Amino acid sequence: VASRPERVEKKTTDPQDCLAVTVQPGVAQSARLDRIAVDAPGPGEVLMQVVRVGVCGTDAEICAGTYGAAPAGSERLVLGHESLLRVVRPATDVHGWSPGDLAVGIVRRPCPDPCPACQAGRWDLCMTGRFAERGISRLDGFLRELLTEQAAFLVPVPPALEPVAVLVEPLSVVEKALEEALRTQGHPEWSPRAALVTGAGPIGLLAALALRQRGYSVWVVDRQPPDAPKARLVQAAGMRYVDDRSEPLEQTVPPGGFGLAVEATGYSPLFFRAAGVLGRNGVLVLTGVTSGHHPVTVDADALNAETVLENHVLVGSVNAARRHYQAAVADLMDWHDRFPGLAERLITAHHPLRGFQDALAKGPADIKSVIEVAGGGA
Ligand SMILES: [Zn+2]
Ligand SMILES: [Zn+2]
-17 VASRPERVEK KTTDPQDCLA VTVQPGVAQS ARLDRIAVDA PGPGEVLMQV VRVGVCGTDA
43 EICAGTYGAA PAGSERLVLG HESLLRVVRP ATDVHGWSPG DLAVGIVRRP CPDPCPACQA
103 GRWDLCMTGR FAERGISRLD GFLRELLTEQ AAFLVPVPPA LEPVAVLVEP LSVVEKALEE
163 ALRTQGHPEW SPRAALVTGA GPIGLLAALA LRQRGYSVWV VDRQPPDAPK ARLVQAAGMR
223 YVDDRSEPLE QTVPPGGFGL AVEATGYSPL FFRAAGVLGR NGVLVLTGVT SGHHPVTVDA
283 DALNAETVLE NHVLVGSVNA ARRHYQAAVA DLMDWHDRFP GLAERLITAH HPLRGFQDAL
343 AKGPADIKSV IEVAGGGA
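Position one of the sequence shown corresponds to residue -17 (the working numbering), numbered consecutively onward.
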């Protein structure tokens, strides 16, 4: 134990470079392991060790060359936006952080414009779209061994959450989406009981657990057999799993329809189907996008009439502000007791840094794959 801080100290008094996964945005299959420079922490900054990084569809799209942007003046972008970090050394002017503390890094950063949303810390509601996002757009990401980060963009994580804190970032997106749904249809008289989640990927499962935690009866729809890991996880939390292939969603709607629905697949035809099973005063929040083109035939008059006559709210939601990260940390702590071991079961594969390509190639049974950056046997 005594030798460990020494070793870290040796490594970080003179940080020069470290391993990182980089891509050339716009170019398919360009991801590779590189050595990149590590800056010593300046005022307000903290040198962080990256513990692990989760991967999702956004990373896959960036690696396929269909999404993402490199920082200004650079051809390549360091990948990774779902982080768990550990403090190595804060700058002398940084207070409240000590070596060994755990944190999650905030992904989106304010735009440089006089933007009221960004200036108020609501970069998730940025008015100009000129924000940057770590590992996605114009700002290097977390999939690297060491990172110099501004303390202002770190969210503290209690040690008990170490195994699951890599889920804080995707859960922050869910927290913002649920807040939007409840805010837009938040009449004091409105008390929905049944909630629907379409898609049992990480976002869908996190949304389902968050809704279950809040007392809803939750239906989760996907297209996997009932013995698939994601389906078992749904059932273990006391929620209803529906395999849409054998039991179409429309045939399992509770009396009065769903009060709240979260669409988490990005498969656009499901948007219309979820809207169709909303109850009176129901709210549907959309969290996913896919880059495909799926034409569907819609009875536009019926959709219009139903939306008006039943006070439906259809809302889109993306990204998260600091308070949504904090809410995610609080919820994961709550789940620790309420759903023991379930958040852990969302992480179905651990890969070493050098095996990042395997982490990006998701199998049908995988829910969330993570890359063990620190001590992962790279
Ligand atoms: Zn993600
Ligand atoms: Zn802005």
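For every residue, glycine included, the Cβ atom is placed at its ideal position computed from N, Cα and C.
Computed from a predicted model, the values in this text were never measured in an experiment.
Inter-residue Cα distance where the pair is Leu266 and Arg255: Stepping through the sequence shown from its first residue, residue 266 is reached at position 284. Stepping through the sequence shown from its first residue, residue 255 is reached at position 273. If you take the alpha carbons of Leu266 and Arg255, they lie about 11 Å apart.
Assign Pro184 to buried or exposed, taking buried as 16 or more other Cβ atoms, counted over all protein chains shown, within 10 Å of its Cβ. In the sequence shown, the residue the question calls residue 184 occupies position 202. It is buried - the Cβ of Pro184 has at least 16 other Cβ atoms within 10 Å.
Just to confirm, are Trp79 and Val28 a CB contact at a threshold of 7 Å? Here residue 79 corresponds to residue number 97 of the sequence shown, with the count starting at 1. Here residue 28 corresponds to residue number 46 of the sequence shown, with the count starting at 1. In contact: Trp79 and Val28 (Cβ atoms closer than 7 Å).
For Cys93, verify whether its CB is less than 6 Å away from any heavy atom of ligand 2. Numbered from its first residue, the sequence shown carries residue 93 at position 111. Result yes, Cβ under 6 Å from ligand 2.
Check: Cys100 C-beta below 6 Å from any heavy atom of ligand 2: Working through the sequence shown from its first residue, we reach residue 100 at position 118. It does: the Cβ of Cys100 is within 6 Å (strictly closer) of some heavy atom of ligand 2.
Using a Cβ-Cβ cut-off of 7 Å (strictly less than) and excluding sequence neighbours within five positions of Val(-17), which residues of its own chain qualify? As a first step, residue -17 is located in the sequence shown; it is residue number 1 there, counting from the start. With a pLDDT of 38 at Val(-17), under the threshold of 50, the modelled position of that residue is not reliable, and the figure given next carries that caveat. The answer is none, since no qualifying residue turns up.
Going along the chain, which residues put their C-beta within less than 6 Å of some heavy atom in ligand 1? Cys38, Thr40, His63, Glu64 and Pro152
In angstroms with no decimal places, state the Cα-to-Cα distance between Pro25 and Ser173. Here residue 25 refers to the residue found at position 43 of the sequence shown. Here residue 173 refers to the residue found at position 191 of the sequence shown. About 48 Å.
In three-state terms, what does DSSP make of Glu292? Translated into the one-based positions of the sequence shown, residue 292 becomes position 310. Of the three classes helix, strand and coil, the one that applies to Glu292 here is coil, per DSSP.
Neighbourhood of Ala52 by C-beta, 8 Å cutoff - its chain only, sequence neighbours within 5 removed: Against the sequence shown, residue 52 aligns to sequence position 70. Result list for Ala52: Gln6, Pro7, Arg58, Leu59 and Arg120, in chain order.
Leaving aside the five residues before and after Glu332 along the sequence, list all residues of the same chain whose C-beta is less than 6 Å from its C-beta, in chain order. For the purposes of this step, residue 332 is taken as the residue at position 350 of the sequence shown. Residue identity differs from the one stated: residue 332 is His in this sequence, not Glu. For His332, where only same-chain residues beyond five positions count, the Cβ hits under 6 Å are Val352 and Glu354.
Rounded Cβ spacing between Gly270 and Gly238 (contact assumed at less than 8 Å): Translated into positions along the sequence shown, residue 270 becomes position 288. Translated into positions along the sequence shown, residue 238 becomes position 256. The pair is not a contact, with the Cβ atoms about 26 Å apart (cut-off 8 Å).
Under the three-state DSSP convention, the category Gln195 falls into: The residue labelled residue 195 in the question sits at position 213 within the sequence shown. Note: Gln195 maps to helix in three-state DSSP.
His294 classed as buried or exposed, judged by whether at least 16 other C-beta atoms fall within 10 angstroms: In the sequence shown, counting from the first residue as 1, residue 294 sits at position 312. Burial call: buried.
Evaluate Thr48 with the Cβ neighbour count: other Cβ atoms within 10 Å of its Cβ, from every protein chain shown; 16 or more gives buried, anything less gives exposed. On the sequence shown, residue 48 is found 66 positions in, with the first residue counted as 1. Counting Cβ neighbours within 10 Å, Thr48 comes out exposed, since fewer than 16 surround it.
Suppose the cutoff is 7 Å on Cβ atoms and the five residues either side in sequence are ignored; what does the same chain contact list for Ala218 look like? Counting from one through the sequence shown, the residue named residue 218 turns up at place 236. Excluding residues within five positions, the ones whose Cβ falls inside 7 Å are Leu324.
In the region 14 to 77, which residue ranges form an unbroken alpha helix (DSSP H) of at least 4 residues, counting only runs that do not cross its ends? 39 to 45
If I follow the unbroken alpha helix (DSSP H) through Thr365, where does it start and stop? This structure does not reach residue 365, given that the chain is present from -17 up to 360, and the question cannot be answered.
Unbroken alpha helix (DSSP H) run spanning Ser351, endpoints: As a working note, residue 351 is residue 369 in the sequence shown. Here Ser351 belongs to no alpha helix (DSSP H); instead the beta strand (DSSP E) covers Lys350 to Glu354.
At least three beta-carbon pairs within less than 8 Å, the region 131 to 145 to the region 75 to 90: yes
Between the alpha carbons of Arg14 and Tyr198, how many angstroms are there, rounded? Taking the first residue of the sequence shown as position 1, residue 14 is located at position 32. Taking the first residue of the sequence shown as position 1, residue 198 is located at position 216. If you take the alpha carbons of Arg14 and Tyr198, they lie about 44 Å apart.
Leu193 beta carbon less than 7 Å from that of Val156: Mapped onto the sequence shown, residue 156 falls at position 174. Mapped onto the sequence shown, residue 193 falls at position 211. Against a cut-off of 7 Å, the Cβ pair of Leu193 and Val156 comes out as no contact.
Reduced DSSP category for Cys0 - H, G, I as helix; E, B as strand; rest coil: Position 18 of the sequence shown, counted from the first residue, corresponds to residue 0. Strand, per DSSP.
Kindly indicate the opening and closing residues of the beta strand (DSSP E) around His332. If you number the sequence shown from 1, residue 332 lands on position 350. That run of the beta strand (DSSP E) goes Ile329 to Pro334.
With DSSP as the reference, label Ser250 as helix, strand or coil. Taking the first residue of the sequence shown as 1, we reach residue 250 at position 268. Three-state result, Ser250: helix.
Identify the continuous beta strand (DSSP E) that holds Leu125 and give its terminal residues. Counted from its first residue, the sequence shown places residue 125 at position 143. It is not in any beta strand (DSSP E) - Leu125 carries neither H nor E in the DSSP assignment.
Tell me whether the beta-carbon of Val76 lies closer than 7 Å to the beta-carbon of Tyr307. What you label residue 76 is simply residue 94 of the sequence shown in a count that begins at 1. What you label residue 307 is simply residue 325 of the sequence shown in a count that begins at 1. In this structure, Tyr307 does not lie closer than 7 Å to Val76 by Cβ.
Just verifying my parser: in three-state terms, what is the DSSP assignment at Trp201? Locating residue 201 in the sequence shown gives position 219, where the first residue counts as 1. Three-state DSSP puts Trp201 in a strand.
Taking all protein chains shown into account, do 16 or more other C-beta atoms lie within 10 angstroms of the C-beta of Lys(-8), making it buried, or fewer, making it exposed? Counted from its first residue, the sequence shown places residue -8 at position 10. Any reading at Lys(-8) is ruled out, since the residue's pLDDT is 45, under 50, leaving its predicted position unreliable.
Restricting to Cα atoms, I'd like to know which of Phe124, Val37 and Arg91 is closest to Ala2. Within the sequence shown, numbered from 1, the residue matching residue 2 stands at position 20. The shortest C-alpha separation from Ala2 is found at Phe124.
Can you tell me whether Cys0 sits near ligand 2, meaning its C-beta is under 6 Å from at least one heavy atom of the ligand? Taking the sequence shown and counting its residues from 1, the one referred to as residue 0 is at position 18. False, no ligand heavy atom lies under 6 Å from that Cβ.
Can you tell me which of the three DSSP states Gly298 falls into? As a first step, residue 298 must be located in the sequence shown, where it is residue number 316. Of the three classes helix, strand and coil, the one that applies to Gly298 here is strand, per DSSP.
Suppose the cutoff is 6 Å on Cβ atoms and the five residues either side in sequence are ignored; what does the same chain contact list for Cys100 look like? Translated into positions along the sequence shown, residue 100 becomes position 118. Closer than 6 Å at the Cβ level, and outside the excluded window around Cys100, lie Pro92, Cys93 and Cys108.
Indicate, with yes or no, if ligand 2 has a heavy atom lying under 6 Å from the CB of Cys45. As a first step, residue 45 must be located in the sequence shown, where it is residue number 63. No, the Cβ of Cys45 stays beyond 6 Å of every heavy atom of ligand 2.
Short of 8 Å in beta carbon distance, which residues of its chain neighbour Val311, apart from the five on each side in sequence? Order them along the chain. Here residue 311 is taken as the residue at index 329 of the sequence shown, counted from 1. Cβ within range, chain order: Val86, Val137, Pro138, Val139, Pro140, Leu143, Ala147 and Val150.
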